[in-house]
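Q: The sequence shown begins at 16 in the working numbering and counts up by one. Backbone N, C-alpha and C define an ideal beta-carbon position, used for all residues, glycine too. I'd like to ask you about the structure that follows.
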Amino acid sequence: MDFSIPEETQVMLKRVRKLMDDEVLPVEREYLGKNFLDALPALNRVRQKVRDAGLWLPQIPRQYGGVGLGFMEYAMTCEQLARSPFGNYCFNAQAPDAGNMEILIEFGSEEQKEQWLKPLTSGAIRSCFSMTEPGRAGSNPVHMDTVAVREGDEFVINGHKWFTTSADGAAFVILMAVTNPDAAPHQRASQIIVPTNSPGFERVRNISCMGHAGHDWDSHSEIRYHDVRVPVSNLLGEEGSGFSIAQARLGPGRIHHCMRWIGIAERSFELMCQRAVSRDLAPDDPLANRQTVQNWIAESRAAIDAARFLVLHAAWKIDKVGAKNARVEISSIKFYVARIMMQVVDRAIQTHGALGITDDTVLSTFYRNERGSRIYDGPDEVHRGVVARQVLKEYQL
Ligand SMILES: Cc1cc2nc3c(=O)[nH]c(=O)nc-3n(C[C@H](O)[C@H](O)[C@H](O)COP(=O)(O)OP(=O)(O)OC[C@H]3O[C@@H](n4cnc5c(N)ncnc54)[C@H](O)[C@@H]3O)c2cc1C
């Protein structure tokens, strides 16, 4: 396993880091905890600087207007972009658009690419992904009530979804709906493009999460589909292939999620250390003198480094044997890195005292936004189950 980072990747990462420090963090300081729409003009100015620097869409191949970074280069970029909640947005690498771009590139028809991918990659529109339902356990996604029934050359969609991230202001949804109810469980659902201005598409509300309902990209919506009609040509890939499309994205995508979480942990760690040396408990007696804080710093340093090596190893294994054969490594990092991140954010908040729970630092936003990391893309318990079952296979009598 090669741990060296190629020279040109290091140069690129430094450029990303500089843009983050010089352009994104000042916007964060001004707009953190405020209405996302108020931050948009400033964020759009940063987006232009990112384009000018040739770093727009780091995750997307050059033929679609991106930087065309390799899997590992992009993973390391994710760590840098996640240092601010606005980072990914400024580079047009934000969830859920980045995942939807990947789906359109891999499974979209030429017409779908022209109509939806082009404006998505240019930053003219946003999108969202609508799969989880309030009435069904999202951990078992084959259990789904939303249906898309074929009538002539249209699908008629009825259903109830929630936690559709960034639906507020999105131009279209990639919807998971049951199209083939009599097929095997993993072949029942399809992914369908639904324009959000379709008659019958009702965005009920932005769901308040820990006191924050958010606006625009910074939100999660509840949605009802009442007899929404879309042409059959809005189907992505084959009918019944919804899960295999979702799966194709999820495995390698978890490496990027985990690298983002490491970026969040690193930023929180920096803030913890800065506060430890600058906060005096008494004259010339900074918090950093206390062994408890030193323990947090040492434990966090070791844990973040361990988490990063675990993620890089999982990425290396995906490269060598494919995502399917790296299932244990992928599931291990999903629950392990999320936990490490939350521990580091929590210690950083504690080090800041009351300031830590205000919106004067980014820590409270990280704490609120990232608690979901232990739930989405498979809750901790599901991933631990995958790891344990696989390990135990070797011990069967
Ligand atoms: C911040 C955030 C953003 C999201 N964005 C989107 C989005 O854009 N689009 C979308 O469609 N969905 C989205 N989701 C929803 C997410 O995919 C679901 O929350 C997730 O799949 C879990 O489903 P659930 O919430 O219904 O929990 P449930 O399935 O009801 O599970 C509840 C709990 O049960 C336990 N559990 C579940 N399965 C097992 C098991 N096998 N063994 C032991 N214990 C278990 C776990 O502790 C779990 O937390 C988002 C969620 C969050 C938090």
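Is the beta carbon of threonine 179 within less than 7 Å of some heavy atom of ligand 1?
A: Under cutoff, so the answer is yes.
Q: Assign asparagine 212 to buried or exposed, taking buried as 16 or more other Cβ atoms, counted over all protein chains shown, within 10 Å of its Cβ.
A: exposed
Q: Kindly indicate which residue of Gly48, Gly102, Ala353 has the alpha-carbon position closest to the one of leucine 34.
A: Of the candidates Gly48, Gly102, Ala353, the one whose C-alpha sits nearest the C-alpha of leucine 34 is Gly102.
Q: Using 7 Å as the cut-off, classify the Cβ of valine 45 as near or not near the heavy atoms of ligand 1, replying yes or no.
A: The amino acid at residue 45 is misidentified as valine; the sequence shows glutamate. The closest heavy atom of ligand 1 lies 7 Å or more from the beta carbon of glutamate 45.
Q: Output the boundary residues of the beta strand (DSSP E) element that contains glutamine 109.
A: Taken as a continuous stretch (DSSP letters only), glutamine 109 belongs to no beta strand (DSSP E), as it is neither H nor E.
Q: Given this structure, state the Cα-to-Cα distance separating proline 41 from serine 142, to the nearest angstrom.
A: 26 Å
Q: What ranges does the beta strand (DSSP E) occupy inside the stretch 141-227, keeping only unbroken runs of at least 3 residues that lie completely in it?
A: 142-145, 162-166, 169-180, 187-193, 204-210, 216-221
Q: Isoleucine 20 lies in the beta strand (DSSP E); which residues open and close that run?
A: It is not in any beta strand (DSSP E) - isoleucine 20 carries neither H nor E in the DSSP assignment.
Q: Do glutamate 217 and isoleucine 238 come within 8 Å of each other at the CB atom, strictly closer than that value?
A: yes
Q: Give me, in chain order, the residues of the same chain whose beta-carbon lies closer than 6 Å to that of glycine 371; leave out the 5 immediate sequence neighbours on both sides.
A: The answer, listed in chain order, is Ile364, Leu378.
Q: DSSP state of aspartate 392, grouped into three classes?
A: coil
Q: Need the endpoints of the alpha helix (DSSP H) that tyrosine 351 sits in, please.
A: 342-367
Q: When burial is assigned at 16 or more other CB atoms within 10 Å of the CB, is threonine 180 buried or exposed?
A: buried
Q: Going by other Cβ atoms of all chains shown within 10 Å of its Cβ, with 16 needed for buried, is leucine 407 buried or exposed?
A: With fewer than 16 other Cβ atoms within 10 Å, it is exposed.
Q: Can you name the residues that DSSP bridges to tyrosine 104?
A: In the DSSP output, where bridge partners are listed per residue, tyrosine 104 has none listed.
Q: For the candidate residues Thr373, Glu117, Lys128, whose alpha-carbon lies nearest to that of serine 248?
A: Of the residues Thr373, Glu117, Lys128, the one whose Cα lies closest to the Cα of serine 248 is Lys128.
Q: Report buried or exposed for aspartate 67, applying the criterion of at least 16 other Cβ atoms within 10 angstroms of its Cβ.
A: exposed
Q: Does the beta carbon of serine 145 fall short of 7 Å from some heavy atom of ligand 1?
A: yes
Q: Cβ of valine 117 within 8 Å of Cβ of arginine 294?
A: Looking at the sequence provided, one finds glutamate at residue 117 rather than valine. Contact flag unset, no.
Q: Can you give me the C-alpha to C-alpha distance between isoleucine 320 and alanine 163, rounded to a whole angstrom?
A: Note on residue identity: the sequence assigns aspartate, not isoleucine, to residue 320. Computed Cα separation, rounded: 46 Å.
Q: Any chance the CB of alanine 152 is under 7 Å from a heavy atom of ligand 1?
A: yes
Q: Contact defined as beta carbons within less than 8 Å: I believe glutamine 95 pairs with leucine 28. What is the distance between those atoms, to the nearest angstrom?
A: 6 Å
Q: Starting from the C-beta of asparagine 50, find all residues in its chain whose C-beta is less than 7 Å away, skip the five residues before and the five after it, and write them out in chain order.
A: Non-local C-beta neighbours of asparagine 50 in its own chain, meaning closer than 7 Å and more than five positions away in sequence, comprise His230, ordered along the chain.
Q: Residues in its own chain within less than 6 Å of glutamine 74 by CB, not counting five upstream and five downstream?
A: Tyr89, Ala108, Ala113
Q: Can histidine 235 be considered in contact with ligand 1, in the sense that its beta carbon sits closer than 7 Å to one or more heavy atoms?
A: yes
Q: Let me make sure I understand the geometry here. Which of Val157, Thr373, Ile140, Leu70 has the alpha-carbon closest to that of threonine 194?
A: Val157
Q: If you compare alpha carbons, which of Val26, Ser283, Val171, Arg323 is closest to histidine 271?
A: Arg323
Q: Starting from the C-beta of proline 221, find all residues in its chain whose C-beta is less than 6 Å away, skip the five residues before and the five after it, and write them out in chain order.
A: One detail in the question is off: residue 221 reads as asparagine in this sequence, not proline. Within the same chain, asparagine 221 has close Cβ partners Asp183, Ala228, Gly229, Ser234, Ser236.
Q: Can you find at least 3 beta carbon pairs, one from the stretch 303-310 and one from the stretch 341-352, that sit closer than 8 Å?
A: Proximity of the stretch 303-310 to the stretch 341-352 falls short of the contact definition, fewer than three beta-carbon pairs being nearer than 8 Å.
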